[in-house]
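Undergrad: Pasting in a structure now, in structure tokens, and then I'll have a few things to ask.
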Amino acid sequence: MKLNIEKIKQFVGKSVDFESTEHVKSLKHLDEEVFFADNVCVSGNVKNIGTGLFEVTGKIKTAVYYSCYRCLEKTRVSFNIDFSIKFSDLSFNIESKNEDVIRFSGDEIEILPQIINEIILNWPAQVLCKPDCKGLCQKCGANLNITECDCKRIQIDPRFAVLKKLKDVE
317 MKLNIEKIKQ FVGKSVDFES TEHVKSLKHL DEEVFFADNV CVSGNVKNIG
367 TGLFEVTGKI KTAVYYSCYR CLEKTRVSFN IDFSIKFSDL SFNIESKNED
417 VIRFSGDEIE ILPQIINEII LNWPAQVLCK PDCKGLCQKC GANLNITECD
467 CKRIQIDPRF AVLKKLKDVE
């Protein structure tokens with residue numbers, strides 16, 4: 317996913333709009349291979365902000381399949397992410413302080429690695445297939461959303477679980 321900046325490279329303050337779609341098969345997230353449900357669609361604007369700096373702003377739209385935190389069923393997770401990334405031309409000796417600036421050379425900026433990073437940074441802490449997901453049976457492993465099992469379930473307050481171990485020792 318490359319942005320051609322040849323038309324604005326010599327003109328501070330100039331900008332150009334862009335739209336790009338990229339087919340990405342998968343990515344690694346927390347040791348799990350995650351497959352994309354949709355193409356990665358990016359639209360936005362790249363602006364020459366002076367002294368070899370270019371600011372790319374826009375919106376990322378895509379979806380992936382990820383395992384539900386409770387039942388492990390594959391679940392579609394959609395992303396609509398606003399982003400802003402600064403790039404610096406290698407031909408300029410710029411020392412930026414307190415800013416994340418990605419270096420590039422030439423008349424094109426490769427943005428796909430940063431787009432993937434934005435998706436990972438916006439990953440939800442827990443993905444659930446539905447808000448009331450029942451998860452898996454702790455004894456037999458049955459998906460409790462699909463079937464009921466005959467396993468006996470005892471609800472123990474986790475704060476008192478250590479006390480149960482004391483009773484089992486005697």
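So the sequence shown is numbered by our numbering: it starts at 317 and just counts up by one. Where is the CB? At the ideal position from N, CA and C, for every residue including glycine.
(1) Can you tell me which of the three DSSP states residue 434 falls into?
(2) Within this structure, are the beta carbons of residue 361 and residue 333 separated by less than 8 Å?
(3) Please determine, among 368, 352, 460, 358, the residue with the shortest C-alpha to C-alpha distance to residue 421.
(4) For residue 388, which of helix, strand or coil comes out of DSSP?
(5) Taking residue 470 as the reference, give the member of 384, 454, 478 with the closest Cα.
(6) Using the three-state DSSP reduction, which class does residue 441 fall into: helix, strand or coil?
(7) Count the other CB atoms, across all protein chains shown, that sit within 10 Å of the CB of residue 419; report buried if there are 16 or more and exposed otherwise.
(8) Among residues of its own chain, excluding the 5 on either side of residue 365, which ones have a beta-carbon nearer than 6 Å to its beta-carbon?
(9) With a threshold of 7 Å (Cβ to nearest heavy atom), would residue 389 be considered close to the ligand GTP?
(10) Tell me the rounded alpha-carbon separation between residue 505 and residue 473.
(11) What are the boundary residues of the beta strand (DSSP E) that includes residue 352?
(12) Which value, in whole angstroms, describes the spacing of the CA atoms of residue 325 and residue 424?
(13) Could you tell me whether the Cβ atoms of residue 345 and residue 355 are closer together than 8 Å?
(14) Indicate the three-state DSSP secondary structure (helix, strand or coil) for residue 475 in the structure shown.
(15) Could you tell me the alpha carbon to alpha carbon distance between residue 319 and residue 358, rounded to whole angstroms?
(16) Would you report the Cα separation of residue 399 and residue 330, rounded to the nearest angstrom?
(17) Who pairs with residue 364 in a beta bridge, going by DSSP?
(18) If you count every other CB in all the chains shown that lies within 10 Å of the CB of residue 463, and 16 or more means buried, which is it?
TA: In terms of the structure at hand:
(1) Here residue 434 is taken as the residue at index 118 of the sequence shown, counted from 1. Three-state DSSP puts residue 434 in a helix.
(2) Sequence index remark: in the sequence shown, residue 361 carries index 45 (1-based). Sequence index remark: in the sequence shown, residue 333 carries index 17 (1-based). A distance below 8 Å separates the beta carbons of residue 361 and residue 333.
(3) As a working note, residue 421 is residue 105 in the sequence shown. Cα-wise, what sits closest to residue 421 is 368.
(4) On the sequence shown, position 72 is the one that residue 388 refers to. For residue 388, the three-state secondary structure derived from DSSP is coil.
(5) Within the sequence shown, numbered from 1, the residue matching residue 470 stands at position 154. Ranking the options by Cα distance to residue 470, first place goes to 454.
(6) Translated into positions along the sequence shown, residue 441 becomes position 125. Looking at residue 441 - three-state DSSP - the assignment turns out to be coil, as it is neither helix nor strand.
(7) For the purposes of this step, residue 419 is taken as the residue at position 103 of the sequence shown. By the neighbour-count definition (other C-beta atoms within 10 Å, threshold 16), residue 419 is an exposed residue.
(8) Counting from 1 along the sequence shown, the entry for residue 365 is found at position 49. By the criterion of a C-beta distance shorter than 6 Å, residue 365 is surrounded in its chain by 371, once the five residues flanking it on both sides are discounted.
(9) As presented, the structure is devoid of all ligands, the ligand GTP included, so that no description of it is given.
(10) The requested residue 505 is not part of the displayed model; the chain covers only 317 to 486.
(11) Within the sequence shown, residue 352 is the residue found at index 36, counting from 1. Counting along the chain, the beta strand (DSSP E) containing residue 352 begins and ends at 348-352.
(12) The count along the sequence shown starts at 1 and reaches residue 325 at position 9. The count along the sequence shown starts at 1 and reaches residue 424 at position 108. C-alpha separation (whole angstroms): 10 Å.
(13) Within the sequence shown, the letter at position 29 stands for residue 345. Within the sequence shown, the letter at position 39 stands for residue 355. No, these two residues do not count as a Cβ contact at 8 Å.
(14) Against the sequence shown, residue 475 aligns to sequence position 159. Residue state, collapsed to three classes: helix.
(15) Counting from 1 along the sequence shown, the entry for residue 319 is found at position 3. Counting from 1 along the sequence shown, the entry for residue 358 is found at position 42. Near 11 Å, if we compare the C-alpha coordinates of residue 358 and residue 319.
(16) Sequence index remark: in the sequence shown, residue 399 carries index 83 (1-based). Sequence index remark: in the sequence shown, residue 330 carries index 14 (1-based). Each residue's alpha carbon lies about 19 Å from the other.
(17) Taking the first residue of the sequence shown as 1, we reach residue 364 at position 48. 370, per the DSSP bridge assignment.
(18) For the purposes of this step, residue 463 is taken as the residue at position 147 of the sequence shown. Residue 463 should be labelled exposed.
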